[in-house]
Amino acid sequence: MENKMGRPNIPLLFILTIACMFSFTLATAHEPESSWESNADIDQSNLDTYIVHLNQPNRRVFTHSEDLESWYQSFLPPTTTSMNKQSRMVYSYRNVISGFAARLSPQEAKALEKKDGFVSARPQKVLPLHTTHSPSFLGLHQNLGFWQGSNYGKGVIIGVLDTGITPSHPSFSDEGVPPPPAKWKGKCELNGTMCNNKLIGARNFVSGSTEPPIDDEGHGTHTSSTAAGNYVEGANVFCHANGTAAGMAPLAHLAIYKVCGETGCGESDILAAMDTAVEDGVDVLSLSIGGWSSPFFDDGIAIGAFGAIQKGIFVSCSAGNSGPVNASLSNEAPWILTVGASTIDRSIRAMAVLGNLVLFDGESLFQPPMSFDLLPLVYAGTNGDQNAALCRPGSLNNTDVEGKVVLCERGGGIARIAKGQTVKDAGGVAMILMNQEQDGYSTLADAHVLPATHVGYKAGQDIKAYINSTSSPMATIIFQGTVIGVDYAPWLPHSLPEALAWQAQAF
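Residue numbers (mature numbering (1 follows the signal peptide of the UniProt record, and there is no 0)): -27 to -1, 1 to 480.
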């Protein structure tokens, strides 16, 4: 089918997909039976949101949305008094899938199988959510090269499905951004002053929510600014990584579709947002959402993306952060551009220095003034207590860490910063956080609550060996601020997920 909505140029699409960590069994149907089996035995309290795929009838074209809605409604059981005539229909889809989402009991969903045009029905899944130097590291520079050749994304509309948007963020200024193309048909559900030539649309698709699509989590603001944030000079975190922040398409337009709330991202909401984005006129769909690997016919995002690309829309999704575990890869359908994380050559360096003068590179955002004097060093799990080794809250209360640097292990479901708080509460003055084996060399610069550094697994093992080799282990931390030019970049972090072999073979 010819794409009548316009397409972005290929160089821009390539740029978009490098750095954004974003994120359909085709249904074809016959006129359903008019009769419905008695639902007297249906437990009306046992309802879930089902996604129902249908084959549209041969030789029948639905020219009006009301006609399609009426046909979808004919598949539903009769509304009952006990339900206070509450509507069963949640969404009617017309662009990315043929079908609808509705509140059904398992028995009612099973009964749909007898109707002409039925393809499949299953309960929806609730999916989880999965910078200043990045453009330069990627070789993108203002006024020359690839960025200039792609016109910085002018005229391209990127639809972001996520947790919403913080419209007041400076990344969403429309300075230098032209008005949106005439094809744009979307809406802005923010107040009239919040949308502009950069942020041209924003809608909330979270079921049960009537609030505007404001970002309460921060995730959607992050992914949107990564994709198409405008230039922001002097961006930094705790005075580190100072520079000009920009998205990969700084002059593109953003259309925001909030599909994720406190409990996650419902597939029916995601499909509804994708369906609407097609009608609104987006050129690109970006989703940083997804669960574990599943067959494509059971993957709502894969199905919706297939419908979108048939309309000429480019779809880019995140690979996820659940590695390294088999079948942890999200959004691996071959019609989706799946984007994984990688590192850049910048480090917010905090170096661990041992009493034997061996040094280990690590990272930390919190870099307070600290003496170079060596301090006593202790391994938190020295007594064989695994909770203490992980620096679980309260686990060091009976351990002598007063005035010492404490070596803690990562993991155990405990936030990295919380481990530092445990050390601080027990009287420790600094923390070295070491990776587990599966974490490898991946380190993070966190805003710790005390002087700290995060080192890789091999470094942690060497530090443990040093502690066991002497009766008076000593250490300190030297902060070096922002370091550009790390020679082992880019490389893939431990969290990059793994594909499932049978998925590729089956395709």
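Ideal placement from N, C-alpha and C gives every residue a C-beta, glycine not left out. Predicted, not measured: the structure shown is a model, and the values here were computed from it.
When we look at the beta-carbon of residue i and count the other beta-carbons within 10 Å, is it buried (16 or more) or exposed?
i, result
"cysteine 381", "buried"
"valine 288", "buried"
"cysteine 233", "buried"
"leucine 423", "buried"
"residue 481", "Any property of residue 481 remains undetermined from this structure, which presents the chain solely from -27 to 480."
"histidine 37", "exposed"
"alanine 425", "buried"
"arginine 33", "exposed"
"leucine 77", "buried"
"valine 312", "buried"
"lysine 88", "buried"
"cysteine 168", "buried"
"glycine 159", "buried"
"glutamine 359", "exposed"
"alanine 246", "buried"
"threonine 236", "exposed"
"serine 182", "exposed"
"aspartate 21", "exposed"
If you run the structure through DSSP and keep just helix, strand and coil, what is residue i?
i, result
"asparagine 408", "coil"
"tyrosine 414", "coil"
"leucine 332", "strand"
"serine 146", "coil"
"alanine 206", "Looking at the sequence provided, one finds glutamate at residue 206 rather than alanine. Residue state, collapsed to three classes: strand."
"methionine 343", "coil"
"residue 483", "Missing from the structure shown is residue 483; the chain here goes from -27 to 480 and no further."
"glutamine 453", "strand"
"serine 320", "strand"
"valine 69", "coil"
"alanine 432", "helix"
"proline 79", "helix"
"alanine 218", "strand"
"methionine 167", "coil"
"residue 516", "Residue 516 is absent from the model: the chain starts at -27 and stops at 480."
"threonine 355", "coil"
"histidine 421", "coil"
"aspartate 272", "coil"
"alanine 325", "strand"
"leucine 310", "strand"
"valine 251", "helix"
"isoleucine 130", "strand"
"valine 396", "helix"
"histidine 226", "strand"
"phenylalanine -4", "Residue confidence is low: phenylalanine -4 scores 31 on pLDDT, short of 50, so the model does not pin down where it sits. Its coordinate-derived value is still stated next. It is coil, neither helix nor strand."
"arginine 33", "coil"
"asparagine 304", "coil"
"leucine 338", "coil"
"glycine 181", "coil"
"alanine 391", "helix"
Skipping 5 residues on each side, what residues in its chain have a beta carbon closer than 6 Å to that of residue i?
i, result
"alanine 275", "Phe269 and Ala306"
"glycine 401", "Val374, Lys377 and Val379"
"valine 385", "The question names valine, but residue 385 is glycine in the sequence shown. Excluding residues within five positions, the ones whose Cβ falls inside 6 Å are Leu363."
"alanine 432", "Phe333"
"threonine 136", "Asp188, Glu190, His192, Gly193 and Cys233"
Return the bridge partner residues of residue i from the DSSP annotation.
i, result
"cysteine 161", "Ala175"
"aspartate 373", "Aspartate 373 is not bridged to any residue."
"leucine 100", "Cys238"
"arginine 365", "For arginine 365, which the question treats as bridged, DSSP gives no partner whatsoever."
"glutamate 382", "Met407"
"valine 288", "Leu258"
"histidine 26", "Gly72 and Ser93"
"aspartate 135", "Lys231"
"proline 154", "Proline 154 is not bridged to any residue."
"residue 490", "The chain is shown only over -27 to 480; residue 490 falls outside these bounds and no answer can be derived."
"isoleucine 187", "Ile138"
"aspartate 21", "Leu77"
"tyrosine 64", "Ala74"
Taking 7 Å as the limit between beta carbons, can you name the residues of its chain near residue i, skipping five residues before and five after?
i, result
"leucine 49", "Arg61, Met62 and Ala75"
"alanine 250", "Gly132, Ala228, Tyr230 and Leu258"
"threonine 194", "Ile138, Thr139, His142 and Asp188"
"phenylalanine 345", "Thr449 and Ile451"
"asparagine 370", "Ala399"
Residues in its own chain within less than 8 Å of residue i by CB, not counting five upstream and five downstream?
i, result
"asparagine 203", "Pro143, Ser144, Phe145, Ser146, Asp147, Glu148, Gly149, Val150, Lys171, Ala219, Gly220, Pro223 and Leu224"
"glycine 328", "Leu347, Leu350, Tyr439, Thr443, Ser445, Pro446, Met447 and Ala448"
"isoleucine 282", "Val288 and Trp308"
Please look up how many angstroms separate the CB atoms of residue i and residue j, rounded, as I've assumed it's under 8 Å.
i, j, result
"serine 241", "glutamine 394", "Incorrect: roughly 39 Å between the Cβ atoms, too far for contact."
Report whether the distance from the Cβ of residue i to the nearest heavy atom of the ligand SAM is below 7 Å.
i, result
"serine 266", "The model depicted lacks the ligand SAM and carries no ligand whatsoever."
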